[in-house]
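Just below is one structure, and these are the notes that go with it.
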Amino acid sequence: MKAHIQQLLEQAIVCLIKQQIIPADTQPRINIDRTKDKSHGDYANNLALMLAKPAKQNPRHLAELIVANIPESTLVIKMEIAGPGFINFFINPNFLEKQIDSAYSNERLNVQIEANPQTIVIDYSSPNLAKEMHVGHLRSSIIGDAVARTLEFQGNKVIRQNHVGDWGTQFGMLLAYMEELRAKGEPIENNLANLEIFYRAAKARFDESEDFATRARNLVVELQSGNEECLKLWSQFNETSLSHCQETYQRLGVSLTRADVRGESSYNDQLAVIVEDLDKQGLLQQSQGAKCVFLDNFKNKEGEPLPVIIQKKDGGFLYATSDLAAMRYRQNELNADRILYFVDARQGLHFQQVFEVARSAGFVNDKTSLEHMPFGTVMGEDGRPFKTRSGSVAKLADLLTEAEMRAYELVKEKNKEMSEQELRHIASVVGISSVKYADLSKNRTSDYTFSFDSMLSFEGNTAPYLLYAYTRVVSIFNKAGIEMGGVTAALSLTEEKEIDLANKLIQFDEIIKQVAKQGMPHFLCSYLFELAGLFSSFYEACPILIAETETQKQSRLKLAGLTAKTLKQGLSLLGINTLERM
RNA sequence: GCGGGUGUAGCUCAGCUGGAUAGAGUACCUGGCUACGAACCAGGUGGUCAGGGGUUCGAAUCCCUUCACCCGCACCA
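In my numbering, the protein residues as written are 9 to 590.
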């Protein structure tokens, strides 16, 4: 609809240019807004206000001229000039009904398939395998996954990349500890059952024993030089850690699989090549023993150009190096059009730098877009950044268990007769979805206050509210004895609440586009919450099964059916399951 | 010091990149279940959009400035 109005306005501009009312070189950005107030029609536009100055016209008068030059359209029944010079468009209600009818019988709910699908690489979750996943991994995993699903739904080719931290100095420490356990005859498997404890034990040995620390450092070197025994231990460790991750993904409903794992270690053989390439291109400089690329746009504390260190003075590589290798791989092997990074905002500078290096070295084409999708820091309830090293770290797995337990209590209280199995299932969906929704519904760029209580409150703008709306529709269709998609009669909108709901329903497509473009699932959350809210009002005000006429009943069933389908589809894009009853 | 971010109702947060009277949730108050599911709905109280300038028809949004807090800034990731 927006596109249609835009076309109308563009044609009006052409006419006005011909008439020399506005200058020939005007290329205004046409912005169609949805109105907040119904008295302003359905859509509004400020073109007259923007062009008033270049056209040397009174804005209201110019608005009249624009309206006079807009071609006939069956979709627009009325245009009004309001305020300082807004043009308000009133849409034919008939159109709304047609849209709903068509979305209802469409698998994709009328969400357009991308005309030019892209290959989009998404780097997300990427936990460090040395430790178990904790709350800090929640945002990247959940937000990245929601965006991946959304882009996929649009018809893009999405390639998930779980860039796990499976390499680096801390592995020396872990391997040394594994060795020690083995020497003592203790089964390593048992100890790896809890990675958090394992890591702490290894760290404690590292801190208390100089011999151990030395051994750990030596093991890093041996690992990197391909010592077989080391690699065996290393891969045993990683296997265990990865299976922990998969377990968590499974519980969380994150769509990452083992096939999406491409850890830092997989770029090992490319690191030296990257250095060589940069050197050949004359981008590399020696500084204080390290090999660096200097970028003029970035300054350090002393106001001197800031280096991106590619290779340490001891010959070791850094995460900038493997990020560059990964970028080149994603460009050349995966043929990415877009590469998205769902990574903590604190790494913003790092990404600016490596993006620039990658471009100037030609690792990435100019056409390929590199996008850091930052998210805010996880804060404790005291308002301070959530620290992971200070003793009582909330493991992600424990958090999920807590959520399920709280949900279980609530579900049981509301459903005294329900079987244990069903209670468990519902509690699991309610608990997990609450945690996810609490995170997804916030603008990802701002800091995130981690709070059990707000996450697991099941009232208001929460996942259960949306799930509840869905189950109400299911219940109605059960009672009516027909399938949710089985309404055949045409829509007939008369009541205000019906029209409000219908208007919201046809916006689904716009919202999907927005989420896909900006990588921000909270737009979808807000939309679904508003949709569920409008449905609840409609539900209260407009009896469905006991409607006055059969026509009205069928029409309302259809509206409810499309609401449920939209909720289900929307939640599914967020990685949240629906329930038939709760 | 330089760069980035944040500051909106008691609390948690939206505000669609400059639009019409700044919105939700929560908390608090009032009303609604022998009722298609009350995890709900209808309504109310609550604001110097951190402060101050500027740009213009119009600013929470753009520019400048002050304040407060957070985060980066050479071999960790």
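Beta carbons: idealized from backbone N, C-alpha and C, even for Gly.
Start-to-end residues for the beta strand (DSSP E) that takes in residue i
i      : result
Glu379 : Ser377 to His380
Met87  : Val84 to Ala90
Phe302 : Ala298 to Lys307
Asn53  : Tyr51 to Asn53
Lys139 : Looking at the DSSP string, Lys139 is not in any beta strand (DSSP E), and its letter there is neither H nor E.
Ser295 : Leu292 to Ser295
Val316 : Pro313 to Gln319
Thr127 : Thr127 to Asp131
Assigned exposure category for residue i - 16 Cβ within 10 Å defines buried
i      : result
Gln361 : buried
Ala56  : buried
Gly290 : exposed
Lys573 : buried
Gly234 : exposed
Pro551 : exposed
Glu237 : exposed
Pro135 : buried
Ile584 : buried
Thr571 : buried
Ile554 : exposed
Gln296 : exposed
Ala540 : buried
CA-to-CA distance, residue j to residue i, given in whole angstroms
i      : j      : result
Val447 : Glu312 : The displayed chain sequence assigns Asp, not Val, to residue 447. Roughly 39 Å between the two C-alpha positions.
Ala402 : Arg208 : 15 Å
Ala333 : Leu83  : 52 Å
Gln278 : Thr329 : 9 Å
Thr127 : Thr158 : 13 Å
Arg397 : Gly388 : Confidence at Arg397 is low in this model, with a pLDDT of 37, below 50, so the placement of that residue should be treated as unreliable; the coordinate-derived value is given next. So the alpha carbons of these two residues sit roughly 13 Å apart.
Gly152 : Val119 : 21 Å
Lys375 : Phe363 : 13 Å
Lys450 : Asp45  : 25 Å
Ile520 : Arg338 : 25 Å
Asp345 : Asn66  : 45 Å
Ile30  : Cys23  : 9 Å
Asp33  : Lys26  : 11 Å
Ala267 : Ile167 : 10 Å
Leu104 : Ser113 : 15 Å
Gln19  : Phe350 : 41 Å
Val523 : Ala154 : 9 Å
Leu404 : Lys165 : 30 Å
Gly399 : Ile205 : Only weak support exists for where Gly399 lies, its pLDDT of 45 falling under 50; the coordinates are left without a value.
Gly468 : Val443 : 14 Å
Ala212 : Trp175 : 20 Å
Phe460 : Ala184 : 37 Å
Phe6   : Gln178 : Past the edges of the chain, shown from 9 to 590, lies residue 6, and the structure says nothing about it.
Val129 : Gly370 : 18 Å
Selected residue, minimal CA-CA separation from residue i, among the options
i      : options                           : result
Asn511 : Ile99, Leu326 and Thr376          : Ile99
Leu200 : Glu548, Ser368, Thr248 and Val437 : Thr248
Ile78  : Asp33, Asn202, Ile21 and Gln296   : Ile21
Arg7   : Leu73, His530 and Gln162          : Nothing can be reported for residue 7, as the shown portion of the chain is limited to 9 through 590.
Leu203 : Lys566, Leu137 and Tyr535         : Leu137
Val386 : Ser148, Ala71 and Tyr132          : Ser148
Gln28  : His12, Pro62, Arg37 and Asn53     : Pro62
Tyr257 : Ser459, Asn423 and Met141         : Met141
Leu59  : Glu72, Asp50 and Tyr535           : Glu72
Lys10  : Glu236, Asn305, Gln515 and Gly323 : Gln515
Leu348 : Met528, Glu272 and Gln232         : Met528
Arg225 : Lys321, Met181, Tyr275 and Ala435 : Met181
Ile196 : Asp50, Glu538, Trp242 and Ala435  : Trp242
Tyr51  : Gln14, Leu464 and Val372          : Gln14
His69  : Ser81, Met381 and Glu88           : Glu88
Lys106 : Glu188, Leu567 and Glu272         : Leu567
Leu464 : Phe214, Ser436, Glu428 and Asn246 : Ser436
Asp352 : Leu17, Ile150 and Ser81           : Ile150
Val143 : Thr457, Glu428 and Cys300         : Thr457
Ser368 : Ile282, Arg259, Glu216 and Phe325 : Ile282
Endpoints, alpha helix (DSSP H) assigned at residue i
i      : result
Thr222 : Glu218 to Gln232
Val437 : Glu428 to Leu448
Ser113 : Ser113 -> no alpha helix (DSSP H), and no H or E assigned at all.
Ile196 : Ile196 to Leu200
Asn161 : It is Phe, not Asn, that sits at residue 161 in the sequence shown. Segment Leu146 to Phe161, the alpha helix (DSSP H) holding Phe161.
Ile38  : That residue, Ile38, is in no alpha helix (DSSP H); it is neither H nor E in DSSP.
query = Does the count of Cβ pairs from the region 551-565 and the region 494-503 closer than 8 Å reach three?
reply = yes
Cβ contact check for the region 465-484 and the region 574-586: 3 or more pairs under 8 Å = yes
Inter-stretch contact (C-beta, 8 Å, three-pair minimum) for the region 539-550 and the region 414-421 = no
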